[in-house]
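To keep things clear, I will list the structure first and then write my remarks on it.
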Ligand code: ATP
Ligand code: MG
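Numbering (my numbering), first residue to last: 34 to 276.
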């Protein structure tokens with residue numbers, strides 16, 4: 034019997050392939066014209082954007098992206114791993130390349146999921162508004178953008194000072210997340226009516242999974258299997274990301 038290929042080599046090969054496929058998906062998305070293909074369900078093409086640290090990406094993220102895509106008829110969802118997020122300075126975030134590569138492995142098999150390097154290739158802090166503006170520019174005004182966020186993150190976003198400009202470029206899909214009440218949005222006096230009108234609330238299958246919990250589990254030698262895609266778990270082990 035042949036000796037099995039070392040796991041790192043196997044992952045590097047899978048990553049190379051995933052990177053190629055990801056580039057093809059982006060090319061395809063950029064070359065699609067409005068009205069081509071199946072008769073569109075909506076007046077404008079719809080594309081989702083989901084920001085996050087993805088440290089690591091897990092099934093909570095993937096179910097949120099997939100449910101939002103299906104329910105709102107989006108052609109694709111672009112995951113955008115953050116560079117150095119302004120809100121998370123209290124802990125050391127894993128190398129952006131690791132987070133990007135894990136997201137690539139997690140999305141490889143889904144033709145509608147893409148990963149963007151936009152934020153990790155930028156210097157310093159990244160603001161959601163710059164990211165959304167970037168995608169508005171490359172896709173043009175015939176595409177309606179949806180920013181997908183969990184119930185915890187949407188409460189933060191709604192109180193950002195540039196959120197009123199942000200909603201001129203995209204609308205929001207706020208998905209349910211165990212431990213965070215989406216209905217608080219409706220009764221929060223800091224959030225104005227115009228913003229709420231641009232936000233769709235979406236109940237998704239509850240997954241009490243978080244990257245924080247996954248990192249803690251690795252640190253304590255507790256299992257993370259079935260909380261995230263197998264290849265991503267393999268990657269964390271092979272590259273000792275959380276050790
Ligand atoms: P951390 O614990 O490091 O904050 P996280 O699990 O919250 O990680 P993020 O990268 O912070 O993951 O989240 C990216 C986006 O995904 C956010 O909008 C967040 O609300 C959403 N999200 C993450 N996990 C879930 C989940 N289990 N269900 C619904 N939404 C989720
Ligand atoms: Mg989070």
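Glycine included, C-beta positions come from ideal geometry on N, C-alpha and C.
By a beta-carbon distance limit of 8 Å, residue 218 contacts residue 229. Their separation comes to about 7 Å. Closest by C-alpha distance to residue 153, out of 36, 75, 126 and 57, is 126. Residue 131 sits away from residue 151, with the two beta carbons spaced by 8 Å or more.
In terms of Cβ geometry, residue 208 and residue 97 form a close pair [threshold 8 Å]. The DSSP assignment places complete alpha helix (DSSP H) segments of no fewer than 4 residues inside the region 153–189 at 161–172, in order along the chain.
Sixteen is the threshold: when 16 or more other Cβ atoms of the shown chains lie within 10 Å of the Cβ of residue 91, as they do, the residue is buried. When DSSP reads this structure, residue 101 sits in no beta bridge, so it has no partner. Residue 117 is not a Cβ neighbour of residue 160, given a cutoff of 8 Å. The beta-bridge partner set that DSSP reports for residue 258 consists of 261.
For residue 134, the distance from the CB to the nearest heavy atom of the ligand ATP is not below 7 Å. Relative to the Cα of residue 146, the nearest Cα in the group 269, 201, 51 and 88 belongs to 51. For the 8 Å CB-CB criterion, residue 202 and residue 240 do not form a contact. Distance from the Cα of residue 225 is smallest, within the candidate group 245, 243, 200 and 244, for 200. Taking the Cα positions, residue 267 is about 12 Å away from residue 251. Residue 115 places its beta carbon 8 Å or farther from that of residue 81. The straight-line gap separating the alpha-carbon atoms of residue 163 and residue 238 is approximately 31 Å. DSSP places residue 209 outside any beta strand (DSSP E), giving it a letter other than H or E.
Around the ligand ATP, the residues whose beta-carbon falls short of 6 Å from at least one of its heavy atoms are 85, 86, 87, 88, 93, 94, 97, 182, 183, 185, 186, 208, 210, 240, 242, 243, 244 and 245, given in chain order.
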